[in-house]
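Enquirer: Got a structure for you, questions after.
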Ligand code: CO
């Protein structure tokens with residue numbers, strides 16, 4: 001069912017500093033940070049030849065990643081995102097196999113303008129998994 005790795009998301013306390021570290025130390029191409037108001041995060045993309053890494057930091061109050069940074073103040077890998085062809089078909093198949101989704105199980109539109117869902121980390125060895133319709 002799962003297709004390509006779409007991105008890995010890393011939560012960071014300071015997105016400007018993190019972006020510059022990737023630029024300066026690794027020679028990475030990093031986009032300018034964009035506020036994703038409805039998702040409560042600010043995002044910058046590290047563009048790699050085969051995938052991308054998203055640097056994410058909280059935006060506003062009630063950010064979904066605020067608690068993660070409370071737990072890991074210096075930052076860390078927050079989730080991995082796999083592509084699926086049809087998100088509703090993937091969701092229904094996963095539900096029928098006993099997987100749990102965060103929220104109400106209805107896809108939201110993610111940072112790339114495509115429908116996304118998050119699977120509960122308890123089903124995947126503590127890793128938060130995002131699926132995105134390709
Ligand atoms: Co993501």
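In this note's numbering, the protein residues as written are 1 to 134. From the three backbone atoms N, C-alpha and C, an ideal C-beta is built for every residue, glycine too. For clarity, every value in this text was computed on a predicted model and none was experimentally measured.
Classify residue 89: buried if its beta carbon has 16 or more other beta carbons within 10 angstroms, exposed otherwise.
Expert: Of the residues assessed, residue 89 falls on the exposed side of the cut-off, its CB having fewer than 16 other CB atoms within 10 angstroms.
Enquirer: Is residue 109 helix, strand or coil when you go by DSSP?
Expert: strand
Enquirer: Have a look at residue 59 and residue 41 and give me their C-alpha separation to the nearest angstrom.
Expert: 4 angstroms
Enquirer: Using 7 angstroms as the cut-off, classify the Cβ of residue 9 as near or not near the heavy atoms of ligand 1, replying yes or no.
Expert: yes
Enquirer: Could you name the residues of the same chain whose beta carbon sits closer than 8 angstroms to that of residue 13, not counting the 5 residues immediately before and after it, in chain order?
Expert: 57, 69, 73, 74, 75
Enquirer: So, helix, strand or coil for residue 120, using DSSP?
Expert: coil
Enquirer: Under 7 angstroms Cβ to Cβ from residue 102, same chain only, skipping five residues before and after it: list those, please.
Expert: 118, 120
Enquirer: Less than 8 angstroms between the CB atoms is what I'm expecting for residue 6 and residue 82, so what's the real figure, rounded?
Expert: 6 angstroms
Enquirer: Examine ligand 1 and report whether any of its heavy atoms sits within less than 7 angstroms of the Cβ of residue 120.
Expert: no
Enquirer: What residue range does the alpha helix (DSSP H) around residue 21 cover?
Expert: 15-26
Enquirer: One question on the structure: do residue 110 and residue 132 come within less than 8 angstroms of each other, judged by their Cβ atoms?
Expert: The answer is yes: Cβ separation under 8 angstroms.
Enquirer: In this structure, how does DSSP classify residue 87 when only helix, strand and coil are distinguished?
Expert: helix
Enquirer: Mapping the DSSP letters down to three states, classify residue 55 as helix, strand or coil.
Expert: strand
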